[in-house]
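Single-structure report; data block below.
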Amino acid sequence: MNTGESSATAASASDLPQKRDWRFILIAIVSGLGGLLFGYDTGVVAGVVLFLPNVFHFGASMNGLFVAIALAAAAFGAAFAGALSDAFGRRSVLMVTAVLFVAGAMLAAIAWSVPILFLGRAMVGAAIGVSSMITPLYLSEIAAAHWRGAIVTINQFYITVGIFVSYIADYLLSGFTDGWRWMLGLGIIPGVILLIGMTILPESPRWLSGRGLVMRAEAALRFLRNQLDVSVELGALRRDVVEGTRLAAPWSLLFEHKMRRPLIVGIGLAIFQQITGINAVLYFAPSIFQAAGLSSTSVSILATVGIGAVNVVMTAVAMRLLDSSGRRRLLLWGLWGMLVSLAIIGVGFMVQLHGALAYVIVTMVAVFVAFFAIGLGPIFWLLISEIFPLAIRGRAMSIATVANWVSNMVITGIFLNLLLAIGRGPTFLLYAGMTVLAILFTLWIVPETKGRTLEEIENNLDVADQKPVSYP
Ligand code: BGC
């Protein structure tokens, strides 16, 4: 246990909200919908691309472009999301994003030509990029320190639910002529709920306080904590704020010494989250299983649905553990598990285990996804919502989020070529090698943020002794 943690526990005890309050549950449900759309819209393309060769006469490269356009647009959206949310507020930007989700999904679903289809997907992609960073940011800023890990991970939980639902939708709708339109159009529903729900929810009290809007920050806290006297928490927020000026901090703050460690952690984890292969596995699971010897397509799809379920369940487990075990410890456990499973998959493909290969690969892919889900999956998004100073939090999160989307695009874009060039076994061993680097990186620089308020993290992140002493 480090010293910062015990003082934080005392400091944040008074701002513990009532866990079962309906308002907080509403917040968790509604604001997490951005995550659901993220997961659904990235997952559903696997089913859509099967239709496009017939409908629009797409070849492999046009299909590839169709997939890549949403990822590129997500990187683009994420690049602007931070500055917009620092300037206009987290809630307002989330509401505009909901409109973009709905409009893009509608356009893609009714698309009568290729440019309209691509435009719709680009709009949805930009919305995914924006919400992928604003949702954890908003959740982190409204949560009290003691259970911030669980609250922010609601976002990742929804991402996995979205991916899971997209697998089911693909499975159920693939037999219909216009199935692809329904696959793309279903995203309209959570988009509308997100929009309506956000009209009820308050703006982030931390953002309001950072803007000098103290009365509104107080009202937001009263709503969130369901109590009239929020003076202790409000006082703590205000102490951290040189009124009205904090969120107008210049971009040059990014280059100050105290930003070095958080930026390295944020960008590093963004890249490691992708280059260790999660989306190569999730996007291409059915073909990986077929290559391992699962002969029937429907069994491969069923196995993929199973992987989606493992992802959801283990993310729920992570939500329970993050605030007790701590971020760093779970991250390391998760990475070790990913390393072992990737190595077995790689070696399995190389030695060709004959009959047993399919079972080994399906099991190890499930193990890999499970360890990603308790570690690198949620913890990347959680840490980037915690480690940057309020004055520049949105913009710094943007940088890490763009790094994540660009890495995602590169990794999934080159996966098939990599298989052709070096073969399946070495490809997975390469991901295992990247996981070794991720472990070293975590041991070197990732801080523990459990139980500390965002203000305490901001004031102490730079201090070397904030590193916890316990290792798995
Ligand atoms: C990642 C996504 C990934 C998902 C899988 C997220 O944390 O950012 O790229 O598809 O987890 O659960």
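Residue numbers (numbering that gives the first Met the number 0): 0 to 471.
Where a beta carbon is used, it is the ideal one built from N, C-alpha and C, also for glycine.
For clarity, every value in this text was computed on a predicted model and none was experimentally measured.
Worksheet item: Quick one: is ILE277 buried, meaning 16 or more other Cβ sit within 10 Å of its Cβ, or exposed?
Response: Taking the first residue of the sequence shown as 1, we reach residue 277 at position 278. Counting Cβ neighbours within 10 Å, ILE277 comes out buried, since at least 16 surround it.
Worksheet item: Start and end of the alpha helix (DSSP H) containing LEU252?
Response: Position 253 of the sequence shown, counting from 1, holds the residue named residue 252. Careful: LEU252 lies outside any alpha helix (DSSP H) and carries neither H nor E.
Discussion item. Helix, strand or coil for GLN289? Go by DSSP, reduced to three states.
Written reply: Position 290 of the sequence shown, counted from the first residue, corresponds to residue 289. DSSP places GLN289 in helix when its eight states are reduced to three.
Item to complete: Report the three-state DSSP secondary structure of THR152 (helix, strand or coil).
Response: Indexing the sequence shown from 1 puts residue 152 at position 153. Correct three-state label for THR152: helix.
Worksheet item: How is the alpha helix (DSSP H) around ILE270 delimited, first residue to last?
Response: Residue mapping note: residue 270 aligns to position 271 of the sequence shown, counting from 1. 259 to 274 is the span of the alpha helix (DSSP H), which, as asked, contains ILE270.
Worksheet item: Do you know how far the Cα of SER324 is from the Cα of GLY184?
Response: Indexing the sequence shown from 1 puts residue 184 at position 185. Indexing the sequence shown from 1 puts residue 324 at position 325. Computed Cα separation, rounded: 40 Å.
Worksheet entry | Beta-carbon contacts of GLY356 that lie in its chain and below 8 Å, excluding the five residues immediately before and after | Numbered from its first residue, the sequence shown carries residue 356 at position 357. Reading the sequence as shown, one finds Leu at residue 356 and not Gly. Answer for LEU356: ALA291, GLY292, GLY347 and PHE348, listed in chain order.
Worksheet item: DSSP on VAL229, reduced to helix/strand/coil?
Response: For the purposes of this step, residue 229 is identified with residue 230 of the sequence shown, where counting begins at 1. Three-state DSSP puts VAL229 in coil, outside helix and strand.
Worksheet item: Is GLY376 near the ligand BGC, going by C-beta to nearest heavy atom under 7 Å?
Response: Residue mapping note: residue 376 aligns to position 377 of the sequence shown, counting from 1. Within the cutoff, so yes.
Worksheet item: If you draw a straight line from the alpha carbon of VAL48 to that of ASN62, how long is it in whole angstroms?
Response: Here residue 48 refers to the residue found at position 49 of the sequence shown. Here residue 62 refers to the residue found at position 63 of the sequence shown. Going by the C-alpha atoms only, they are around 6 Å apart.
Worksheet item: Are at least three pairs of beta-carbons, each pair with one atom in the region 438 to 449 and one in the region 298 to 317, less than 8 Å apart?
Response: no
Item to complete: For ASN416, count neighbouring C-beta atoms within 10 Å of its own C-beta (all shown protein chains included) and say buried if the count is 16 or more, exposed if not.
Response: Counting from 1 along the sequence shown, the entry for residue 416 is found at position 417. Burial call: exposed.
Worksheet item: Out of curiosity, what's the CA-to-CA distance linking GLU242 and LEU212?
Response: Here residue 242 refers to the residue found at position 243 of the sequence shown. Here residue 212 refers to the residue found at position 213 of the sequence shown. Confidence at GLU242 is low in this model, with a pLDDT of 42, below 50, so its placement is unreliable and the value that follows should be read with caution. Cα to Cα, GLU242 sits roughly 9 Å from LEU212.
Worksheet item: Out of curiosity, what's the CA-to-CA distance linking ALA420 and ALA143?
Response: Residue 420 sits at position 421 when you count from the first residue of the sequence shown. Residue 143 sits at position 144 when you count from the first residue of the sequence shown. Taking the straight line from one Cα to the other gives about 49 Å.
Worksheet item: If you scan the region 164 to 230 from start to end, which runs of the alpha helix (DSSP H) of 4 or more residues do you find wholly inside it?
Response: 178 to 184, 187 to 199, 204 to 209 and 213 to 224
Discussion item. For GLN155 and VAL316, I'd like the C-alpha separation in whole angstroms.
Written reply: By 1-based counting over the sequence shown, the position of residue 155 is 156. By 1-based counting over the sequence shown, the position of residue 316 is 317. Each residue's Cα considered, the two are about 12 Å apart.
Worksheet entry | Buried or exposed (CB count within 10 angstroms, at least 16 for buried), SER60 | Mapped onto the sequence shown, residue 60 falls at position 61. Flag for SER60 reads exposed.
Discussion item. Can you confirm whether the region 263 to 270 touches the region 381 to 389 when touching is taken to mean that 3 or more C-beta pairs between the two stretches lie within less than 8 Å?
Written reply: yes
Worksheet item: Any heavy atom of the ligand BGC within a distance shorter than 7 Å of the CB on TRP380?
Response: In the sequence shown, counting from the first residue as 1, residue 380 sits at position 381. Result yes, Cβ under 7 Å from the ligand BGC.
Discussion item. Looking at the ligand BGC, does it come within less than 7 Å of LEU227, judged from the CB to the closest heavy atom?
Written reply: Along the sequence shown, read from residue 1 onward, the residue named residue 227 stands at position 228. Flag unset: Cβ of LEU227 not near the ligand BGC.
Worksheet entry | Three CB pairs or more closer than 8 Å across the region 83 to 90 and the region 200 to 215 | yes
Worksheet item: Is there at least one non-hydrogen atom of the ligand BGC closer than 7 Å to the beta-carbon of THR159?
Response: Taking the first residue of the sequence shown as position 1, residue 159 is located at position 160. Answer for THR159: yes, Cβ within range of the ligand BGC.
Discussion item. What I want to know is whether the C-beta of ILE162 ends up closer than 7 Å to one or more non-hydrogen atoms of the ligand BGC.
Written reply: Start at 1 with the first residue of the sequence shown, and residue 162 comes out as number 163. Answer for ILE162: yes, Cβ within range of the ligand BGC.
Practice prompt. Classify TRP404 as helix, strand or coil using the three-state DSSP reduction.
Written response: Within the sequence shown, the letter at position 405 stands for residue 404. Looking at TRP404 - three-state DSSP - the assignment turns out to be helix.
Worksheet item: Are ILE391 and LEU253 touching if we call contact CB-CB under 8 Å?
Response: Here residue 391 refers to the residue found at position 392 when the sequence shown is read from its first residue. Here residue 253 refers to the residue found at position 254 when the sequence shown is read from its first residue. Going by C-beta atoms, ILE391 is nearer than 8 Å to LEU253.
Discussion item. Using C-beta distances below 6 Å, list every residue in its chain close to PRO204, excluding the 5 sequence neighbours before and after it, in chain order.
Written reply: The residue given as residue 204 occupies position 205 in the sequence shown. Cβ within range, chain order: ALA216, ALA219 and LEU220.
Practice prompt. Kindly examine the ligand BGC and report whether one of its heavy atoms sits closer than 7 Å to the Cβ of GLN155.
Written response: Residue mapping note: residue 155 aligns to position 156 of the sequence shown, counting from 1. Yes, the ligand BGC has a heavy atom inside 7 Å of this Cβ.
Worksheet item: Counting Cβ pairs closer than 8 Å, one from the region 370 to 384 and one from the region 327 to 341, do we hit at least three?
Response: yes
Item to complete: Flag this pair as touching only if the region 35 to 47 and the region 167 to 184 have three or more C-beta atom pairs under 8 Å; answer yes or no.
Response: yes
Discussion item. Taking 6 Å as the limit between beta carbons, can you name the residues of its chain near GLY354, skipping five residues before and five after?
Written reply: Numbered from 1 along the sequence shown, position 355 holds the residue referred to as residue 354. Excluding positions up to five away in sequence, the list is empty.
Fill in: Span of the alpha helix (DSSP H) around ARG319
Working through the sequence shown from its first residue, we reach residue 319 at position 320. Here the alpha helix (DSSP H) through ARG319 covers 296 to 324.
Worksheet item: Distance, Cα to Cα, ASP40 vs SER295?
Response: Numbered from 1 along the sequence shown, position 41 holds the residue referred to as residue 40. Numbered from 1 along the sequence shown, position 296 holds the residue referred to as residue 295. Roughly 26 Å between the two C-alpha positions.
Discussion item. On the CB-based measure, 16 or more other CB atoms within 10 Å of its CB, does TRP21 come out buried or exposed?
Written reply: Your numbering for residue 21 matches position 22 in the sequence shown. Exposed: under 16 other Cβ atoms inside 10 Å.
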